[in-house]
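One structure below.
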Amino acid sequence: MTSRKPLGRYRRIVIKIGSALLVDRKAGLKKAWLDAMCADIAGLKAKGIDVLVVSSGAIALGRSVLDLPSGALKLEESQAAAAVGQIALARAWSESLSRDEIVAGQILLTLGDTEERRRYLNARATINQLLKIGAVPIINENDTVATSEIRYGDNDRLAARVATMTGADLLILLSDIDGLYTAPPHLDPNAAFLETIGEITPEIEAMAGGAASELSRGGMRTKIDAGKIATTSGCAMIIASGKTESPLSAIETGARSSWFAPSGTPVTARKTWIAGQLQPAGELHVDEGAVTALGAGKSLLPAGVRNVTGLFSRGDTVAIVGPEGREIARGLASYDAEDARRIAGRKSAEIEAILGYAGRAAMVHRDDMVMTAQIRQKSERQKKDASYA
């Protein structure tokens, strides 16, 4: 497992900041905190590190400016609050960073900007150009137009997608909790703190709790989801408290935080995009023999598919689900959903007779597939034991 290293030894860092850190429900923007954070960022940039910020707070700041009541907002109220708050948020970041002669660039993303390949590449090019000229991209979800059907819903996973999109080697999630515990610490006084997480296992996922603040849509569940996206691409992740001023400096001087090790076998850029897809268009449910084959680095053949769900087209991302109902891989479908259902469970040699054309032998080719860490490790054990065909 890769060991933890000081922040100054990373090349590119994405920092996600939760709403509750940046905005006080009654007083509005926490300017002193923001100024201290920007001083931390300036310190990293002085060491030659690229820094990107995924900043929550537009809706929280907007509802403070508009003096909207506490509690859940209607969609149109959230969008209006975001429209007002985003202007104030961008100005605040720009002014605070300019104290150290750093230029800020605002980027608003929607789900489609990272899920659709062409838009993904365009967004990445813009961000990389900002980094090239020395600016700090300030990134947020475009809450003024996003709806529940087309949104991330939290900035933890958005930050992870930004980290994989830009090839960052560290993602820092700052929130109102200082790391991962075996149970939600506000509910269980015996919850144990975990300083190092070598692998996100089902047991680690089960430790995730819910959101802890009215101003935040994310909880530990979304942070673990973010960790799965980031570490699969070879990006380490830190969960730390941002309640103190200068939280990055606090991390450097030993403040409590949880560190998630990056995968030892990061996937290629194209597979990184596949792995991070948040909304697979469908699912391919496979048998145990297919699980073994995937663990050995093989393609998914129709014979191993037991059920096909969802409406997807050839080239869409689909989830591959094992017999226990757990997703084990993602990949690009070689067939439309209707044709996939027709050939599921059949031999590849029968495809032409069933469909009337000679399609690909694999339902999902191994070059278009990303497996989970658990399956990859199983594969390594199998190779050592030489126990698979």
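In my numbering, the protein residues as written are 118 to 506. Beta carbons are placed, not taken as given, at the ideal position from N, Cα and C, and that holds for glycine. Quick caveat: nothing in here was measured; it's all calculated off a predicted structure.
With DSSP as the reference, please indicate the residues paired to I356 in a beta bridge.
Here residue 356 refers to the residue found at position 239 when the sequence shown is read from its first residue. In DSSP, I356 forms a bridge with L290, S375.
Based on the DSSP secondary-structure assignment, which residues constitute the bridge partners of L169?
Mapped onto the sequence shown, residue 169 falls at position 52. DSSP, once it has assigned bridges, lists V131 as partnering L169.
Curious, which full-length alpha helix (DSSP H) runs of at least 4 residues does the segment 208-276 contain?
If we require 4 residues or more, the alpha helix (DSSP H) runs fully inside the segment 208-276 come out as 228-232, 234-249.
Hey, does K388 have any beta-carbon neighbour from chain D nearer than 9 angstroms?
In the displayed structure, chain D is absent; only one protein chain is listed.
Does N58 pass the burial test, meaning 16 or more other C-beta atoms within 10 Å, or should it be called exposed?
No answer is possible for residue 58: the residues shown for the chain start at 118 and end at 506.
Go through its chain and collect everything with a Cβ distance to K500's Cβ below 6 angstroms, but skip five positions before and after it.
Counted from its first residue, the sequence shown places residue 500 at position 383. Unreliable positioning characterises K500 in this predicted model, as indicated by a pLDDT of 42, which lies under 50. The coordinate reading is nonetheless provided below. Around K500: no qualifying Cβ.
Among residues of its own chain, excluding the 5 on either side of I460, which ones have a beta-carbon nearer than 6 angstroms to its beta-carbon?
Position 343 of the sequence shown, counted from the first residue, corresponds to residue 460. Closer than 6 angstroms at Cβ, skipping near neighbours: P419, I468, I471.
Thinking just about the alpha-carbon of each residue, which of E455, S416, V438, Y474 is nearest to the one in R483?
Position 366 of the sequence shown, counting from 1, holds the residue named residue 483. Nearest of E455, S416, V438, Y474 to R483, Cα basis: S416.
Check the C-beta distance from S366 over to G296 and give it rounded, since I have them as a contact under 8 angstroms.
The residue labelled residue 366 in the question sits at position 249 within the sequence shown. The residue labelled residue 296 in the question sits at position 179 within the sequence shown. Actually they are not in contact, since the Cβ atoms of S366 and G296 sit about 17 angstroms apart, beyond 8 angstroms.
Taking the CB atoms as reference points, tell me whether L146 and L138 lie closer together than 9 angstroms.
Working through the sequence shown from its first residue, we reach residue 146 at position 29. Working through the sequence shown from its first residue, we reach residue 138 at position 21. No. Outside cutoff.
Examine the Cβ distances between the segment 233-242 and the segment 214-221 and report whether three or more of them are shorter than 8 angstroms.
No contact exists between the segment 233-242 and the segment 214-221.
Would you identify the three-state DSSP class for A450, choosing helix, strand or coil?
Reading the sequence shown from its first residue, position 333 is the one you call residue 450. Of the three classes helix, strand and coil, the one that applies to A450 here is coil, per DSSP.
Distance check for A446 and G135, CA to CA, integer angstroms please.
Locating residue 135 in the sequence shown gives position 18, counting from the first residue. Locating residue 446 in the sequence shown gives position 329, counting from the first residue. For G135 and A446, the distance between alpha carbons rounds to 30 angstroms.
Would you be able to state if there are at least three C-beta pairs under 8 angstroms between the segment 300-312 and the segment 351-361?
No: fewer than three Cβ pairs fall under 8 angstroms.
Could you tell me the boundaries of the beta strand (DSSP E) in which I516 lies?
Residue 516 lies beyond the residue range present for the chain, which begins at 118 and ends at 506; the question has no answer from this structure.
Which residues in the same chain have their Cβ closer than 8 angstroms to the Cβ of V405, if we skip the five residues on either side of it in sequence?
Stepping through the sequence shown from its first residue, residue 405 is reached at position 288. The residue you asked about is not Val; residue 405 is Glu in the sequence shown. Excluding residues within five positions, the ones whose Cβ falls inside 8 angstroms are G439, P440.
Report the option in G222, L124, R208 whose CA atom is closest to the CA atom of L248.
The residue given as residue 248 occupies position 131 in the sequence shown. It is G222 whose Cα lies nearest to the Cα of L248.
Alpha carbon to alpha carbon, how far is I317 from D152? Give it in angstroms, no decimals.
Taking the first residue of the sequence shown as position 1, residue 152 is located at position 35. Taking the first residue of the sequence shown as position 1, residue 317 is located at position 200. Looking at the two C-alpha atoms, the distance is approximately 34 angstroms.
Please classify E444 as buried or exposed, where buried requires at least 16 neighbouring CB atoms within 10 angstroms.
On the sequence shown, position 327 is the one that residue 444 refers to. Exposed, by the Cβ-count rule.
Quick one: what does DSSP say T119 is sitting in, helix, strand or coil?
Within the sequence shown, the letter at position 2 stands for residue 119. Coil, per DSSP.
Please identify the residue among A398, S172, V487, I256 whose C-alpha is closest to the C-alpha of Y452.
For the purposes of this step, residue 452 is taken as the residue at position 335 of the sequence shown. The option with the nearest alpha carbon to Y452 is A398.
Apart from the five residues on each side of it in sequence, which residues of its chain come closer than 6 angstroms, Cβ to Cβ, to S292?
Numbered from 1 along the sequence shown, position 175 holds the residue referred to as residue 292. G135.
Just to confirm the assignment, what range does the alpha helix (DSSP H) spanning V425 have?
Here the question's residue 425 lines up with position 308 in the sequence shown. Segment 422-427 is the beta strand (DSSP E) holding V425; no alpha helix (DSSP H) there.
So, D485 versus I391, is the Cβ gap smaller than 9 angstroms?
Within the sequence shown, the letter at position 368 stands for residue 485. Within the sequence shown, the letter at position 274 stands for residue 391. In this structure, I391 lies closer than 9 angstroms to D485 by Cβ.
If we count the other Cβ atoms within 10 Å of its Cβ and call it buried at 16 or more, is Q203 buried or exposed?
To locate residue 203, count along the sequence shown from 1; it is residue 86. Counting Cβ neighbours within 10 Å, Q203 comes out buried, since at least 16 surround it.
For the structure I just gave you, are there three or more beta carbon pairs, one from the segment 122-131 and one from the segment 281-292, closer than 8 angstroms?
Touching, yes.
Check whether the Cβ atoms of G179 and A200 lie closer than 9 angstroms to each other.
In the sequence shown, the residue the question calls residue 179 occupies position 62. In the sequence shown, the residue the question calls residue 200 occupies position 83. Their beta carbons are under 9 angstroms apart, which means G179 touches A200 by this criterion.
Taking only the alpha-carbon atoms, compute the straight-line gap between N259 and S172 and give it to the nearest angstrom.
In the sequence shown, the residue the question calls residue 259 occupies position 142. In the sequence shown, the residue the question calls residue 172 occupies position 55. When rounded, the distance between both Cα atoms is 11 angstroms.
Helix, strand or coil: how does DSSP classify L192 here?
Stepping through the sequence shown from its first residue, residue 192 is reached at position 75. L192: helix per DSSP, three-state reduction.
Spatial neighbours of D456 within its chain, please: CB distance less than 6 angstroms, with the 5 preceding and 5 following residues excluded, ordered by chain position.
Here residue 456 refers to the residue found at position 339 when the sequence shown is read from its first residue. Contacts found: L472.
Between D157 and A475, what straight-line distance do the alpha-carbon atoms span, to the nearest angstrom?
Against the sequence shown, residue 157 aligns to sequence position 40. Against the sequence shown, residue 475 aligns to sequence position 358. Looking at the two C-alpha atoms, the distance is approximately 58 angstroms.
Count the other CB atoms, across all protein chains shown, that sit within 10 Å of the CB of L206; report buried if there are 16 or more and exposed otherwise.
Here residue 206 corresponds to residue number 89 of the sequence shown, with the count starting at 1. Buried, since its Cβ has 16 or more Cβ neighbours within 10 Å.
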